[in-house]
Amino acid sequence: MSDDVNNNQQDGPLPDVSENPEAIEAAAAQDARVESGDAEFQLTDNPEEGEPAQAETTVEPIDTEDGVPKEGMNLHHAESVDELFDCTIIGGGTTGLYGAFYAGMREMSVKIVDSLGELGGQVSALYPEKYIYDVAGFPEVKGKELIAGCIQQGLQFGPTVCLGEKVEHLEKQEDGTFTLSTEGPNETKHMHRSKTVIIAAGVGAFAPRKLPDYDPKLDELEGKHVFYFVKDLEVFRDQNILIVGGGDSAMDWAMMLEPIAKQITLIHRRDKWRAHEDSVKKVLNSSVDVRVFHEVKEVQFEGDDISGVTIYDNKTKQETPLQIDKLIMCLGFIANIGPIKEWGLEIQGGGIVVNSGTMQTNIPGIFAAGDVARYEGKLGLIATGFGEAATAANYAKNFIDPASRVFPGHSSERDGH
Ligand SMILES: Cc1cc2nc3c(=O)[nH]c(=O)nc-3n(C[C@H](O)[C@H](O)[C@H](O)COP(=O)(O)OP(=O)(O)OC[C@H]3O[C@@H](n4cnc5c(N)ncnc54)[C@H](O)[C@@H]3O)c2cc1C
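First residue of the sequence shown? That's -18 in this note's numbering, and the numbers climb one at a time after it.
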């Protein structure tokens, strides 16, 4: 496999699309790599791009030490086609998680579906280590800490969470309910049924970027030898690990795995890091074997195992064989807004047009909130997503039960709170 990560990456400054829906749409049309704040990622509206890359869709419930109750949590892959949920939320970012909380508080049965293998959307994928200063109630909060709180709040009423599934089709049935069909790793298909849908899809379905000229054999080894997310540290105990990448995820996982791995090699295609300075320093001062200007040349397989990998110095072209057991790739993300455009929704500026008073789209029963929602004066902020999610959840409740009040009163007035 020719592995030149640079093949697929433009050098020089990338266009900054922060809070600019038109720029986001234009970038998606060109499959362009862009910047938003400090984060670099690729946007596409090509439905063939950005397939979910994480085979493992079962997530261990977060235990009470993390402050999240185990009881009532229902994190699993969708197995039952028949179960009809009151509300299905497409997207497990800050908006989707808050929508799940609010819909749960309105006693709706809720399902969250996300293409990524972890919750948290853009914040987790692009800037977990950055401080955020404009979320109400937090003078400053690290991205990953905000997400931990959003998860704790969002999952407290026990929504079903389906990760690693990209929603490809959304259709209204004759009886007024909706079916969502999703595609998971290795083209596994699933169906979901729901009375209402809240689309909280941000800038599109996120999926980890793969190596250029990707060997499909690597897909088969996902979750066993090839990883894009680290969920279970034990899988890596006493293993020889190669981490590819120079961002926060690469650094975080190098430091998390260093005490238990046999040996970690970390390669990065250049000598400039996208990661937080402090994390880079820690890795450079650890036992991790860091090699800059190095890329993957070829992965060798032996049956269902990775037997080794050849890396090369992109300046000298010198090749080095490495014996590895596990390969962790942190090459950034592709955001794919493609399928959403095919669902019969009114689309504008790369997002979904909604009634800003109710967050309902042009299809009754389908609501949109957060970055993906468009109305006059729209601001793409975490804070606005929270408000829109609450509005969408309340109107979704009223949609399936017109006798219920849209505004149920304040949460502080609820029994037991
Ligand atoms: C570098 C950077 C810094 C930022 N800093 C700030 C800041 O300081 N303050 C602030 O308020 N905002 C900030 N923002 C913006 C903020 O991150 C977004 O407004 C917010 O994350 C949007 O949340 P969301 O839940 O609407 O969408 P997202 O977080 O994008 O979540 C959408 C989720 O939907 C999933 N999804 C999409 N389509 C599908 C599909 N078809 N099937 C399944 N899943 C799907 C995606 O995988 C994703 O996980 C920043 C953004 C960036 C990039």
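Even glycine gets a Cβ: it sits at the ideal position worked out from N, Cα and C.
Identity of the residue in Glu323, Pro383, Gly366, Gly332 nearest Gly346 by Cα:
Checked all of Glu323, Pro383, Gly366, Gly332; the closest Cα to Gly346 is Pro383.
Which of the three DSSP states, helix, strand or coil, is assigned to Glu276?
Looking at Glu276 - three-state DSSP - the assignment turns out to be strand.
I'd like to confirm the pairing. Which residues does DSSP put opposite Pro189 in its beta bridges?
Phe314.
Nearest-angstrom Cα separation, counted from Leu136 out to Val49
Bear in mind that a pLDDT of 35 at Val49, under 50, signals an unreliable position, so the model cannot answer this.
Excluding the 5 residues flanking Lys111 on each side, which residues of the same chain have their C-beta closer than 6 Å to its C-beta?
Cβ within range, chain order: Gly124.
What distance in whole Å lies between the Cβ atoms of His275 and Ile241, which are believed to be in contact at a cut-off of 8 Å?
Taking 8 Å as the upper bound for CB-CB distance, Ile241 and His275 are not in contact here, some 24 Å apart.
By DSSP, does Tyr209 sit in helix, in strand, or in coil?
Here Tyr209 sits in coil by DSSP.
With hydrogens ignored, establish whether the beta-carbon of Lys147 is closer than 6 Å to any heavy atom of ligand 1.
Within 6 Å of the C-beta of Lys147 there is at least one heavy atom belonging to ligand 1.
Per DSSP, what kind of secondary structure is Asn379 in: helix, strand or coil?
Residue state, collapsed to three classes: helix.
Starting from Cys68, follow its DSSP beta bridges and name the residues at the other end.
Its beta-bridge partners are Val91, Thr177.
As a quick exercise: from Lys278, Phe282, Leu100, pick the residue whose alpha carbon is nearest that of Lys298.
Each of Lys278, Phe282, Leu100 was checked against the Cα of Lys298, and the nearest Cα belongs to Lys278.
Any heavy atom of ligand 1 closer than 6 Å to the CB of Val207?
When distances are taken from the beta-carbon of Val207 to the heavy atoms of ligand 1, even the shortest one reaches 6 Å or more.
Kindly indicate the opening and closing residues of the alpha helix (DSSP H) around Gly102.
Counting along the chain, the unbroken alpha helix (DSSP H) around Gly102 starts and ends at 102 to 107.
Counted within 10 angstroms of its Cβ, other Cβ atoms place Asn375 as buried (16 or more) or exposed
Asn375 comes out buried.
Is Thr75 near ligand 1 - that is, is its Cβ less than 6 Å away from at least one heavy atom of it?
Yes - ligand 1 has a heavy atom lying nearer than 6 Å to the Cβ of Thr75.
Can you tell me whether Gly351 is buried or exposed? The criterion is at least 16 other CB atoms within 10 Å of its CB, across all chains shown.
Buried.
DSSP three-state call for Met340: helix, strand or coil?
Reduced to three states, the DSSP call for Met340 is coil.
Beta-carbon spacing of Gly102, Gly74 below 7 Å
Against a cut-off of 7 Å, the Cβ pair of Gly74 and Gly102 comes out as a contact.
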